[in-house]
Every structure is written in C-alpha cells, then in structure tokens.
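The next block holds one structure in the form of structure tokens; read it before the comments.
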Amino acid sequence: MTYDIDIAGMKRTLPVCKVSDEFSIGAFVMFGDVELTIHCAAELLKRAPEYDYILAPEAKAIPLLYEMARQSGAERYLVTRKKAKAYMTGVFEVDVESITTEGVQTLVIDTEDAKLIHGKRILIVDDVISTGESLRATETLVERAGGIVAARMAVLAEGAAKNRTDIITLAALPLFNADGTPKE
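What follows is the structure, given as structure tokens:
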C-alpha cells in the first residue's frame, strides 16, 4: 500500500505501514532523499519568522535541520538528543511518548547548548508532527533553558495535527485505517 503526497510542489509516494490493528501511517523518511531535503528546507525557510537558532529532535529531522542551517548561512544548529552523551557537561531533560517510538523516551540538551538558547529566539523544526509530544518536550527544553520559541515547523502534519494553527507545515498527511484507506 502506498500514498501519493505533494509537499509544497514536490511529489513523493510513501509506503503505508501498519502501526497497530487499528491504524497505519504513511512512512515519511527524508534520509537519503537529498532533493526532497533541499526542497523542504527552502520551503520552510520561506515561511520562517526571525530566529537566532534552529533546533530539532534527534534523529530523522537532522538532515532537514542541517540543510536549513546551510541554506540560511547559519554557523550553528542545535539538536535535542534521546539520551545524555559522555561529552555533555550537564543536561536539561524531559520525557516524551511518540506514536512512532515504542515506550517513553527522554530528550536532552547539553548545558552548553542551553547557554546558547538562553534569551534567544528558537525555531523548532521536525519532519512530521502527529501527537505533538516530541514538540511539547522540545518546547519544554527551550523554555527551561530560558529561550523563546520563535515558531514551530514541520514538513508534514499527520492526522489531527493538520488542524493546529500554531505549527507551520508544508503538507498534511492522513492517518490510515488498517486496510490502508485514509481515516476521515
């Protein structure tokens, strides 16, 4: 099963993957699709308000994050990690549940990144927004570090997230019934 989608003028065919007996999702993966990554970065930047740093959760949004930074001429971008790394001098952390990751995961930022965020306008980007839990956790990290959320952006708004007015997106992606038909 597949689903054809138009992402701000660029067309792709997504496989529809079963998540549970009740629903499936359109698998949107930017990894390896350089043309799509470049296109989506440019389209999101056209819609972005003024900001100081771009921040994205690990891992699927990292190519998009890098490309947005490159296209905008930024010298640095920031990533929330799924767990603390040995090189981190200290961490801010928050727990999150996502429909594409089983169980609770933790998002963290290094205290050095927190110092950069303090008092700055932060553009939060992700590949897909669905339940909003990863976004909420990322916002919490920004706020704990003393940053200001300039905007929330994602390439796709999945399911009910398409109705959110607080997130800038390029296209809507429906959730699917177990048989692969779009949910209403």
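In my numbering, the protein residues as written are 314 to 497.
Don't be surprised by glycine CBs; every beta carbon is placed ideally from N, CA and C.
Where Leu483 is concerned, the enclosing beta strand (DSSP E) starts and stops at Ile481 to Leu486. Distance from the Cα of Val392 is smallest, within the candidate group Ile437, Arg477 and Glu363, for Ile437. One alpha carbon belongs to Met314, the other to Phe344, and they sit about 20 Å apart. Within 10 angstroms of the beta-carbon of Pro370 lie 16 or more other beta-carbons, which makes it buried.
In this structure, the CA atom of Glu363 is about 7 Å from the CA atom of Ala463. Contiguous alpha helix (DSSP H) elements confined to the region 383-470 occur at 424-430 and 446-457, taking only those with 4 or more residues. In the DSSP assignment, Val329 falls within the beta strand (DSSP E) that extends over Met323 to Lys331.
Judged by DSSP in its simplified three-state form, Ala369 adopts strand. DSSP lists Phe336 as the bridge partner or partners of Asn490.
For Tyr316, the three-state secondary structure derived from DSSP is strand. Judged by DSSP in its simplified three-state form, Pro376 adopts helix. When beta bridges are read from the DSSP output, Pro495 appears opposite Phe489.
The Cβ neighbour count for Tyr390, taken over all protein chains shown within 10 Å, is at least 16; the residue is labelled buried. Taking C-beta atoms as the reference points, Gly459 and His431 count as a pair closer than 8 Å. When the Cα atoms are used, Val332 and Ile338 turn out to be separated by approximately 7 Å.
With a threshold of 16 other beta carbon atoms within 10 Å, Glu348 falls short and is exposed. Counting other Cβ atoms within 10 Å of its Cβ, Glu335 stays below 16 and is therefore classed as exposed.
In this structure, DSSP gives Gly472 a helical state, which the three-state scheme calls helix.
Non-local beta-carbon contacts of Ala374 in its own chain, meaning distances under 7 Å to residues more than five positions away in sequence, involve Val438, Asp439 and Asp440 in chain order.
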